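>
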Amino acid sequence: MNFLRGVMGGQSAGPQHTEAETIQKLCDRVASSTLLDDRRNAVRALKSLSKKYRLEVGIQAMEHLIHVLQTDRSDSEIIGYALDTLYNIISNDEEEEVEENSTRQSEDLGSQFTEIFIKQQENVTLLLSLLEEFDFHVRWPGVKLLTSLLKQLGPQVQQIILVSPMGVSRLMDLLADSREVIRNDGVLLLQALTRSNGAIQKIVAFENAFERLLDIITEEGNSDGGIVVEDCLILLQNLLKNNNSNQNFFKEGSYIQRMKPWFEVGDENSGWSAQKVTNLHLMLQLVRVLVSPNNPPGATSSCQKAMFQCGLLQQLCTILMATGVPADILTETINTVSEVIRGCQVNQDYFASVNAPSNPPRPAIVVLLMSMVNERQPFVLRCAVLYCFQCFLYKNQKGQGEIVSTLLPSTIDATGNSVSAGQLLCGGLFSTDSLSNWCAAVALAHALQENATQKEQLLRVQLATSIGNPPVSLLQQCTNILSQGSKIQTRVGLLMLLCTWLSNCPIAVTHFLHNSANVPFLTGQIAENLGEEEQLVQGLCALLLGISIYFNDNSLESYMKEKLKQLIEKRIGKENFIEKLGFISKHELYSRASQKPQPNFPSPEYMIFDHEFTKLVKELEGVITKAIYKSSEEDKQEEEVKKTLEQHDSIVTHYKNMIREQDLQLEELKQQISTLKCQNEQLQTAVTQQVSQIQQHKDQYNLLKVQLGKDNQHQGSYSDGAQMNGIQPEEIARLREEIEELKSNQELLQSQLAEKDAFIENLKSSQPSPGTNEQSSATASARDSEQIEELKQELATLKSQLNSQSSEITKLQTEKQELLQKTEAFAKSVPVPGESETVIATKTTDVEGRLSALLQETKELKNEIKALSEERTAIKEQLDSSNSTIAILQNEKNKLEVDITDSKKEQDDLLVLLADQDQKIFSLKNKLKELGHPVEEEDELESGDQDDEDDEDEDDSKEQGHI
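Its first residue numbered 343, the sequence shown is counted upward by one per residue in our numbering.
Dropping the structure here:
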């Protein structure tokens, strides 16, 4: 307040004095007037004065305006005027162009008034509650006022909103407002709210902000949309940048797939408005936020895979190879593709397969390298291509091998029709442009990064320097250019390439030392006292010489480790050598390059260090220092330790391979176990189903056994077993009766046979002696002839009966075979307990034995019947047995009729009981009617019908009683 009074006191008197009095009167009217119209007019007047006399209105009216917001919420018009007035007081947006001092003074005014307003946190809470009003004249100025407060004192206002109940959720409703003005200003409000506040960013994200913002971008036309799309993209960047939780939520919500239509732009030469370029630039930056190298590796990898699977990477490569794309969009697209493929093998393989739409088609990598080594291309574009090449080779040994293979003699195209990546890199390495030298050297160094195989392969590369001269190796040519005293940028690039090449590769060190001019050149560069510009080169030379010592395998006698250290001590001095080695990490551009992988330089002069090379320096600087100060004995001990470690490494590698093989075997066994588990589960399911079926059949059997127990008690366990096997009890009973009948017939015939034998013996013994008179013989012969005729007739009758019995036996055998087939089929389909199967098999065997015995006896009877054909008594006895059988059947029939009569009587008794119950129900209903309880007509009709039926039943029962 003192600051405000001072500013106010510094203003000149005169006309402003009258306005100050007017403002005071208006404030008094707002504070004291009882009529709403008077207060509303006073607030409207304050609003009109607030822009021009911002200081006076702010000092005198702010408290009254806040009081209006608290007390007059029912009138939307006065609330809108109060909010507009507060916005004019606090905001700096609509200030006209004035002098710098006035502008600074107005900015200070805005922050001071904002501090006064938020000093009472209830004021911000009140403003949040007003935003819930749907009235346009309240919501819109409220949104603008809160946005202005956030711009002035963002962190303080953010904290108040964060602790306010449902504060952020209320603001999210602005995105769903159907009025575009409020929705668009709501986006600006959320931009200010989410800036640099991770907690609010998470709340906004989980309030479905991604879905709403992407819907708005789609409605507005994606990249062809207006400034609203730009605002939404900025808000999305605020939510996602450096916020791992929101990035994961964005990926898990499948929102990456919705980004693909953003980049569906044609290759037309027109239609790139300034707004479209801005929108597309922000869209590309949003993709880079998701795959930034600064993110956790796991999150970056999952986003990269999602972008490849949904086709986003393919769409970006289409823009990359399209024509007519603006330079800044092309540069940003290259940087975006770089980070999408960085460290992701699948994406790197796809990028290697992309071809430019040329005739003949060329790989995209070759086309990009042509731009990188072309000095006429923009500097930022060349940096972007270098970054893309570095990301393509990052953790990609396959890609590194493909690049190095293009330099080897066996793979170079002899016709010269196509240019390979290796040829372009060599061309850039030895061109006259120092920037091309540096870019090509760094690119080639990345092809060797952490890949000892390619370092050895690159030693095979031979270069033809001039006609008639023998070819020289690439390694020797690099050292030759160093010794020629080229530009600093070129020498720095070549030294970084040589340091990367020789590190962790003793064979390359041996090749380097084999040239007797290399070590004297390095010692000479390090020992000289040169200017500041040359100090970096001296430091890199010291690093290269230190690498030659540390990774030396002592295969060359003249350049063994100990001799090289003695050489350094004599010509340079160990302290001086370590001091020169420290020039690298102390350089001002070293720390800048170590921060980010992307080579982002303001101008070519700053392009000195590579990010991966700074890691190498940090790794080797300490070990080289130790190696310089070590004695020969320590070196020997170190060599022994190294050998021991190598042996241990080989043992560890062996065991790792064994473990890997065992892991594979375990995986196979696990798969087999899982397969067996599945089969076991299926079998268990089948067994369970069969057990349930068996239980069902048992239940059915028990039920049938109970139902048929009374009628089939005489059948015993055999009928039960037959019923279990699906054979009808009636068929078994009938078969058993016929077998018993045949057995009785057989016994009867045997008894008849015995009687006839005795009768024949009696006849033989009673034959007359010779000399009997002729009359008696004639009489006897006549009687015998009559008996023979009768016996012949009886014999014919017995033959017919025998034929009928044979046909019956054949029929029984057929039925038996059918029953056996039914039993076997049913036993296969339904498993039955073993005990019942044994019983049935035993009984079936008994039946078969009895039938075979019966057949044998029947054959014997045929012979006996021929011999006993004269017997007459047998027929009478057989007739008697038939009559007895008929009598037995008649008795069984009578028993069944008695059972039927009993069941009918029981049924009649039940009907009588039902009639009595119905009569009782009818009488109870009549009582209910008498008591006044309503009874429906349908019930009455049904009861009436039931009475009629009961009467009929009673009449029937009476008639049966009379009968």
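Here a beta-carbon is modelled for each residue, glycine too, at the ideal position from N, C-alpha and C.
Since the model is a prediction, treat every value here as computed from it, not as a measurement.
#1: Using three-state DSSP, classify Pro483 as helix, strand or coil.
#2: Any contact between the segment 923 to 937 and the segment 851 to 859? By contact I mean 3 or more CB pairs, one from each, below 8 Å.
#3: Could you round the C-beta distance between Thr489 and Ala534 to whole angstroms and report it? I think they count as a contact, below 8 Å.
#4: Where do the N-terminal and C-terminal ends of the alpha helix (DSSP H) with Ser927 fall, by residue?
#5: Is the Cβ-Cβ distance between Met601 and Val629 less than 8 Å?
#6: Using alpha carbons as the reference points, say which of Gln599, Ser596, Ser808, Leu582 lies closest to Gln627.
#7: Across which residues does DSSP place Leu805 in a beta bridge pair?
#8: Tell me whether Asn918 sits in a helix, a strand or coil according to DSSP, three-state version.
#9: Look at Gln500 and Ile542 and say whether their C-beta atoms are less than 8 Å apart.
#10: Output needed for Pro813: all residues of its chain with C-beta closer than 8 Å, excluding positions within five of it in sequence on either side, in chain order.
#11: Helix, strand or coil, according to DSSP, for Ala698 in the structure here?
#12: Could you name the residues that DSSP lists as bridge partners for Pro848?
#13: Output the residue ranges of the alpha helix (DSSP H) runs that lie fully inside the segment 384 to 431 and measure 4 residues or longer, sorted by chain position.
#14: Under the DSSP definition of a beta bridge, which residues are partnered with Pro705?
#15: Rank Thr832, Leu492, Asn942 by C-alpha distance to the C-alpha of Glu457 and give the top, closest one.
#16: If I follow the unbroken alpha helix (DSSP H) through Ile891, where does it start and stop?
#17: How should Ala362 be labelled, buried or exposed, when 16 other C-beta atoms within 10 angstroms of its C-beta is the threshold for buried?
#18: Between the C-alpha atoms of Gly872 and Ser700, what's the straight-line distance to the nearest angstrom?
#19: The alpha helix (DSSP H) that contains Asn539, what's its start and end?
#20: Below 8 Å on the Cβ atoms is my contact criterion, and I expect Ile576 with Leu622 to pass it. Report the Cβ-Cβ distance as a whole number of Å.
#21: Just to confirm before moving on: does the CB-CB distance between Asn677 and Tyr729 stay below 8 Å?
#22: In whole angstroms, what is the alpha-carbon distance linking Asp426 and Asp670?
#23: Between the C-alpha atoms of Lys928 and Leu962, what's the straight-line distance to the nearest angstrom?
#24: Closer than 6 Å by C-beta to Met514: which residues in its own chain qualify, once you throw out the five before and the five after it? Chain order, please.
#25: Report yes if the C-beta distance between Thr852 and Leu898 is below 8 Å; otherwise report no.
#26: For Leu451 versus Arg381, is the C-beta spacing smaller than 8 Å?
#27: What is the residue span of the alpha helix (DSSP H) that Val499 lies within?
#28: Take the Cβ of Ala1028 as the centre, count every other Cβ of all protein chains shown within 10 Å, and call the residue buried at 16 or more, exposed below.
#29: When you compare only the Cα positions, how much space is there between Leu840 and Asn689?
#30: So Ile432 and Gln463 are in contact, right, with Cβ under 8 Å, and what is the actual spacing, rounded?
#31: Among Gln877, Gln796, Thr620, which residue has its Cα nearest to the Cα of Leu844?
#32: Alpha carbon to alpha carbon, how far is Gly528 from Arg481? Give it in angstroms, no decimals.
#33: Would the segment 760 to 776 count as touching the segment 702 to 714 if we require 3 or more Cβ pairs under 8 Å?
#34: Where Ile460 and Ala694 are concerned, what is the direct C-alpha to C-alpha distance, given to the nearest angstrom?
#35: Secondary structure at Asn942, three-state DSSP: helix, strand or coil?
#36: Buried or exposed: which applies to Phe476, given that a residue is buried once 16 or more other Cβ atoms fall within 10 Å of its Cβ?
This is what the structure gives:
#1: helix
#2: no
#3: 6 Å
#4: Element bounds for Ser927: n/a, residue is neither H nor E.
#5: yes
#6: Of Gln599, Ser596, Ser808, Leu582, the smallest CA-CA separation from Gln627 is found for Leu582.
#7: Answer is Val814.
#8: helix
#9: yes
#10: Gln804, Leu805, Ala806, Thr807
#11: strand
#12: Paired residues: none, contrary to the question.
#13: 396 to 413
#14: Beta-bridge partners of Pro705 (DSSP): Asn697.
#15: The shortest C-alpha separation from Glu457 is found at Leu492.
#16: 874 to 892
#17: buried
#18: First, the residue type needs correcting, since residue 872 is Leu and not Gly in the sequence shown. Distance between the alpha carbons of Leu872 and Ser700: 50 Å.
#19: No alpha helix (DSSP H) holds Asn539; DSSP gives it neither H nor E.
#20: Actually they are not in contact, since the Cβ atoms of Ile576 and Leu622 sit about 14 Å apart, beyond 8 Å.
#21: yes
#22: In this structure, the CA atom of Asp426 is about 41 Å from the CA atom of Asp670.
#23: 15 Å
#24: Glu549
#25: yes
#26: no
#27: Where Val499 is concerned, the enclosing alpha helix (DSSP H) stretches over 496 to 505.
#28: exposed
#29: 30 Å
#30: Contact flag wrong, Cβ pair sits at about 16 Å.
#31: Gln796
#32: 10 Å
#33: yes
#34: Rounded to the nearest angstrom, the gap between the Cα atoms of Ile460 and Ala694 is 57 Å.
#35: Coil, per DSSP.
#36: exposed
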